[in-house]
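Residue numbers (full-length UniProt numbering): 1 to 329. Don't be surprised by glycine CBs; every beta carbon is placed ideally from N, CA and C. Quick notes on the structure that follows.
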Amino acid sequence: MVSLDKKAICLGELLIDFVSTVNGVSLKEAPAFEKAPGGAPANVAVALSRLGIETFFVGKVGQDAFGEFLRDVLQSNQVNTRFLKMTDRAKTTLAFVSLTREGERDFVFYREPGADTLLDQQDIEEECFQGKGVFHFGSLTMTHEPAYSATLKALSLAKKHGYLISFDPNLRPALWKNLDTARDRMRQAMSRSDVVKVNEEEAMFVASCKDLQKAIEFIQFHCKPSLLAVTLGKEGCLLCQNERQIRVPGFQVTSVDTTGAGDGFVAGLLSSLYMFWEELKQGHALPEEALLHAGKRANAVGALTTLKKGAIPALPTQDEVETFLEENV
Ligand code: ADP
Numbered sequence: 001m002v003s004l005d006k007k008a009i010c011l012g013e014l015l016i017d018f019v020s021t022v023n024g025v026s027l028k029e030a031p032a033f034e035k036a037p038g039g040a041p042a043n044v045a046v047a048l049s050r051l052g053i054e055t056f057f058v059g060k061v062g063q064d065a066f067g068e069f070l071r072d073v074l075q076s077n078q079v080n081t082r083f084l085k086m087t088d089r090a091k092t093t094l095a096f097v098s099l100t101r102e103g104e105r106d107f108v109f110y111r112e113p114g115a116d117t118l119l120d121q122q123d124i125e126e127e128c129f130q131g132k133g134v135f136h137f138g139s140l141t142m143t144h145e146p147a148y149s150a151t152l153k154a155l156s157l158a159k160k161h162g163y164l165i166s167f168d169p170n171l172r173p174a175l176w177k178n179l180d181t182a183r184d185r186m187r188q189a190m191s192r193s194d195v196v197k198v199n200e201e202e203a204m205f206v207a208s209c210k211d212l213q214k215a216i217e218f219i220q221f222h223c224k225p226s227l228l229a230v231t232l233g234k235e236g237c238l239l240c241q242n243e244r245q246i247r248v249p250g251f252q253v254t255s256v257d258t259t260g261a262g263d264g265f266v267a268g269l270l271s272s273l274y275m276f277w278e279e280l281k282q283g284h285a286l287p288e289e290a291l292l293h294a295g296k297r298a299n300a301v302g303a304l305t306t307l308k309k310g311a312i313p314a315l316p317t318q319d320e321v322e323t324f325l326e327e328n329v
């Protein structure tokens, strides 16, 4: 079996989440905020690195204390920041977040513009794509120019160099001026990806329908990813390849904060399927046991990510995943 290098490139937003120190309140009611590193592709980068994959992060932060803090966090998690750019043209993007009584996340973004949206085509260096591996991205760098064109350039280079392409839309409606544009760009990104991860809400948004099964069929028919993973919160996930749908139940844990669970899931899925990256790239159907195994590990990483407050502090190492799986057969 020919395999790709065990290397990952994650492209996207790297920002500060100011998280309400009190749960169950709206942003308006929040008394104080704690600084935490955020950005879905950055979480995936740290998660992959903890799971033993050599990982590079591509994105842009401000030339300010927050940007330096974020760069240091990635570096201290062994994520290579050679291709992380810093700019003095905008400040590091900020998001204020609180968990409301209903368990929903209340967000306000400071991003007009934020440094992450200023990633431009010149920032995307072909050298980054030496070797072969997996390229993972999301939709936050697709909301504004020049980051959108930069994302497309990186996607083209990743394809040119034979990377497996992975996409998680991470829908944040407040960041789009027009939701039809969001839907359009997400569909295009999915059509160019081999592995697509969505939650139920994102699947139904992209397909413009209220029925999950119909949404899955729509994405498979129109976007044709090699593997479509639909996460179902504590219920686990559905892994869909062609007509096959494998339901992998989630783990019962006492979760504290679900931030980053989806990102942990993506990293767990990609790292578990490492031996099949080439097959996925070629659109081959994988053995059922391989999908079950990967779904279970991805669910384990997702569940473990919910055990501590914040995403990055909670993302597990390879050893922690092994131990958890042994204890939760
Ligand atoms: P997203 O964060 O992208 O919306 P989900 O909330 O569906 O994604 O979570 C991703 C994965 O994390 C799930 O498929 C599941 O494996 C795991 N997970 C999330 N929440 C819980 C929970 N409360 N208990 C156990 N596992 C969870």
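Requested in this report: Return yes when the C-beta of Ala-303 is under 8 Å from any heavy atom of the ligand ADP, and no when it is not.
Outcome: Counting from 1 along the sequence shown, the entry for residue 303 is found at position 303. Correct: Ala-303 has its Cβ closer than 8 Å to the ligand ADP.
Query raised in the report: Measuring from the CB of Phe-205, is there a heavy atom of the ligand ADP at a distance below 8 Å?
Result: As a first step, residue 205 is located in the sequence shown; it is residue number 205 there, counting from the start. Outside the cutoff, so no.
Query raised in the report: From Gln-245 to Tyr-163, what distance separates their C-alpha atoms?
Result: Counting from one through the sequence shown, the residue named residue 245 turns up at place 245. Counting from one through the sequence shown, the residue named residue 163 turns up at place 163. Those two C-alpha atoms are separated by around 25 Å.
Query raised in the report: By how many angstroms is the C-alpha of Lys-296 removed from the C-alpha of Thr-254?
Result: For the purposes of this step, residue 254 is taken as residue 254 along the sequence shown, with counting starting at 1. For the purposes of this step, residue 296 is taken as residue 296 along the sequence shown, with counting starting at 1. Whole-angstrom Cα-Cα distance: 18 Å.
Query raised in the report: Roughly how many angstroms separate the alpha carbons of Lys-159 and Gly-59, rounded to a whole number?
Result: The sequence position of residue 159 within the sequence shown is 159, counting from 1. The sequence position of residue 59 within the sequence shown is 59, counting from 1. The straight-line gap from Cα to Cα measures roughly 18 Å.
Query raised in the report: How about the stretch 187-196 and the stretch 166-178: do they share at least three Cβ pairs that are nearer than 8 Å?
Result: yes
**Report entry** Selected residue, minimal CA-CA separation from Gly-131, among Glu-288, Ala-229, Asp-263 and Lys-6
**Finding:** Along the sequence shown, read from residue 1 onward, the residue named residue 131 stands at position 131. If we check each option's Cα against that of Gly-131, Lys-6 comes out closest.
Report task. Let me know the secondary structure DSSP gives Thr-259 once reduced to three states. Result -> In the sequence shown, the residue the question calls residue 259 occupies position 259. The answer is coil: DSSP assigns Thr-259 none of H, G, I, E or B.
Query raised in the report: For Val-256, does the count of other Cβ atoms within 10 angstroms reach 16, so buried, or fall short, so exposed?
Result: Start at 1 with the first residue of the sequence shown, and residue 256 comes out as number 256. With fewer than 16 other Cβ atoms from the protein chains shown falling within 10 Å of its own Cβ, Val-256 counts as exposed.
**Report entry** the stretch 277-294 touching the stretch 308-325, judged by at least three CB pairs closer than 8 Å
**Finding:** no
Query raised in the report: Can Asp-168 be considered in contact with the ligand ADP, in the sense that its beta carbon sits closer than 8 Å to one or more heavy atoms?
Result: Residue mapping note: residue 168 aligns to position 168 of the sequence shown, counting from 1. Asp-168: yes, Cβ under 8 Å from the ligand ADP.
Query - 8 Å contact criterion, which Arg-185 and Phe-205 should meet: CB distance rounded - result: Reading the sequence shown from its first residue, position 185 is the one you call residue 185. Reading the sequence shown from its first residue, position 205 is the one you call residue 205. Contact between Arg-185 and Phe-205 does not hold, since their C-beta atoms are separated by about 12 Å, which reaches or exceeds 8 Å.
Query raised in the report: Is Ala-265 near the ligand ADP, going by C-beta to nearest heavy atom under 8 Å?
Result: As a position in the sequence shown, residue 265 is number 265, starting the count at 1. Per the sequence shown, residue 265 should be read as Phe rather than Ala. It does: the Cβ of Phe-265 is within 8 Å (strictly closer) of some heavy atom of the ligand ADP.
Query raised in the report: Phe-96 to Ile-124, Cα distance in whole Å?
Result: Mapped onto the sequence shown, residue 96 falls at position 96. Mapped onto the sequence shown, residue 124 falls at position 124. So the alpha carbons of these two residues sit roughly 29 Å apart.
**Report entry** Residue nearest to Leu-227 in terms of C-alpha spacing, selected from Leu-140, Gln-121, His-284 and Ala-42
**Finding:** The sequence position of residue 227 within the sequence shown is 227, counting from 1. Selected option, being the one with the closest Cα: His-284.
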